[in-house]
Amino acid sequence: MLKTAAVLVTLIYLFNGGYPVLEKFNDTYWMVFKGDDGIYITSSKDLKSWSAPVKIPGTKQGDYHPWFIIDRNGVFRVVYVKHEIINPESIKYGFDYDIYATYSYDGVNWVEPYPVAESEKIDWYPHLYQDKSGKFWLTYSVAEENGSTGIYVRESRDFITWSEAKVVIPPDGEYIFGKLFEFKGKWWMNYAKFTGDKDNLTLLNNHDIFIAYGDSPYELKNHARITSTPPLNFTLYNDAKADDERIWIAYTSTVEGNEEVYLISSRDGVNWTKPVKLSRNVEYISQLEEPFNFKCDQKSVLIEKDRVIVAYQSAIFRENRSIWLAIVNKSEIPAETFSVKYWNDEKTSKESPLGVEVLILSITSAAMLRKILK
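Residue numbers are given in this note's numbering: position 91 of the sequence shown equals residue 315, and the series is strictly consecutive.
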């Protein structure tokens, strides 16, 4: 297991809610999140005091996993999963998940939500990205009836008419939480993959974080495994962003005894900084008279000039899910790195995506047979 770096982190509790996505436009922070009866939006100037959350019209109870961007023209763009019960008596496939979209020019008045990805399968875990040309990219997962899951991409110039879905990571396993972005002339996707064994109780829920790159979103031929999670643990619920200097990935892992939020970064996609633990859940649990484990999962990353902000949901309070911010200065990020190995369809590559030959070190982890209560 990769040991984490001890850094100074500011933690801010906000309010009840889940699936937070944080954006900034001019001098205002905006957050879209899941409430009890739909998708909500709120704003703040200082990350501490927030406006009264307002429900986005047309969303309803059961809708969840929103993704949110403010485009280069200041338009608010939201996609989310619409959850509908089709057959209440069905145990496995009595529901339908489709992806809907809406947008607003002021964050107040919204168009009626409309479908952008719907099928008889399960369409979920959407992510939005606007590229340098202004084009919008929708990334999402599609679950097959056999339990496998692939990652798909659609593109649009106007956010209304979308291309046909194209598979970028085939459903030959379980792939979720795809996050597409550009970095130093390449297209990248961070994603999570099931790496366990469903016939082995100690590996029943193992997941790990991966990254891929290519010359286009449809040619992500080079892949690398970033984490190697020990039995009875998982690493997933990831988000990734890039600035001019680094790729930043936040994720959740259980390797320290409870779900915790971590942050890593890379200047070339090969050498990654030592994980920084942002949450302090294990420390909190150790102080309780009746300790309990809790969820701390869905999140989003916002990069500023000198700091990185991660918004995440937590079940630290038993009654409700709550939203938290973890803020860390870039100067706190450790210099120590570990390296990952890329592979593609033709060969194993020891070359950095940016063309620099590097020493490849495999990621290993010590056995950690600790049952995580979820």
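Glycine included, each C-beta is placed from N, C-alpha and C at the ideal position.
- The three-state secondary structure of Y329, taken from DSSP, is coil.
- Among the bridge pairs identified by DSSP, F300 is matched with I294, S328.
- Contact check for E247 against P281 fails: the beta carbons are separated by 9 Å or more.
- Sequence-distant Cβ neighbours of P441 in its own chain, meaning closer than 7 Å and more than five residues away, are W361, V377, V392, L404, W411.
- The region 429-436 makes no contact with the region 353-373, as fewer than three CB pairs between them are under 8 Å.
- Only residues of its own chain outside the window of five on either side were considered, and among them G420, F458 have a CB closer than 7 Å to the CB of N429, listed in chain order.
- Looking at I547, P339, M413, the one whose alpha-carbon comes closest to that of I533 is I547.
- Secondary structure of I551 (DSSP, three-state): strand.
- Ranked by how close their Cα comes to the Cα of Y415, the residues D463, F407, F292 have D463 in first place.
- By the 16-neighbour rule on beta-carbons within 10 angstroms, L460 is buried.
- Counting C-beta atoms within 10 angstroms of its own C-beta, P394 has fewer than 16 neighbours from the protein chains shown and is therefore classed as exposed.
- The shortest CA-to-CA distance from S555 to any of N568, S267, S489, L352 is the one to S489.
- DSSP places E247 inside the beta strand (DSSP E), whose first and last residues are 242-249.
- Here L427 has G420, D421, P455 as same chain residues with Cβ atoms under 6 Å from its own Cβ, once five neighbours each way along the sequence are excluded.
- Excluding its 5 nearest sequence neighbours in each direction, I323 has C-beta neighbours in its own chain below 8 Å: V303, Y304, V305, K306, P339, V340, A341, E342, D347, W348, P350, L362, Y364, listed in chain order.
- A residue is called buried when at least 16 other Cβ atoms come within 10 angstroms of its Cβ; N505 meets this threshold and is buried.
- Rounded to the nearest angstrom, the Cβ distance from I265 to T283 is 10 Å, too far for a contact under 8 Å.
- By the criterion of a C-beta distance shorter than 6 Å, G242 is surrounded in its chain by K258, Q537, R545, once the five residues flanking it on both sides are discounted.
- Rounded to whole angstroms, S372 and D396 show a C-alpha spacing of 6 Å.
- No Cβ-Cβ contact shorter than 9 Å links E406 with K445.
- Shown here for A276: same chain residues with a beta carbon closer than 8 Å to its own, the five before and five after excluded, namely T266 in chain order.
- Judged by DSSP secondary structure, I509 falls within the alpha helix (DSSP H) whose first and last residues are 505-510.
- One Cα belongs to E513, the other to I540, and the distance between them is close to 14 Å.
- The Cβ atoms of N517 and R531 lie no closer than 9 Å to each other.
- Using a Cβ distance threshold of 9 Å, E484 and S503 count as a contacting pair.
- Per the coordinates, the alpha-carbon of E308 lies some 10 Å from the alpha-carbon of Q285.
- For the pair G402 and I473, the Cα-to-Cα distance works out to about 12 Å.
- Nearest in C-alpha terms to A466, of all of D261, Q354, V332, is Q354.
- Runs of beta strand (DSSP E) with 3 or more residues, each lying fully within the region 356-438, are found at 360-367, 373-380, 390-393, 399-407, 410-418, 431-438, listed in chain order.
- Taking V231 as the centre and dropping the five residues before and after it, the same chain places the C-beta of V500, V552, E556 closer than 7 Å to its C-beta, in chain order.
- Residue environment: S524 is assigned as buried (16 or more neighbouring CB atoms within 10 Å of its CB, all protein chains considered).
- Of the residues assessed, T385 falls on the exposed side of the cut-off, its CB having fewer than 16 other CB atoms within 10 angstroms.
- Under the DSSP assignment, K465 falls in the beta strand (DSSP E) whose first and last residues are 459-466.
- W334 and S268 have their C-alpha atoms some 20 Å from each other.
- For the pair D521 and E507, the Cα-to-Cα distance works out to about 17 Å.
- Counting only the Cα atoms, G331 lies some 10 Å from G298.
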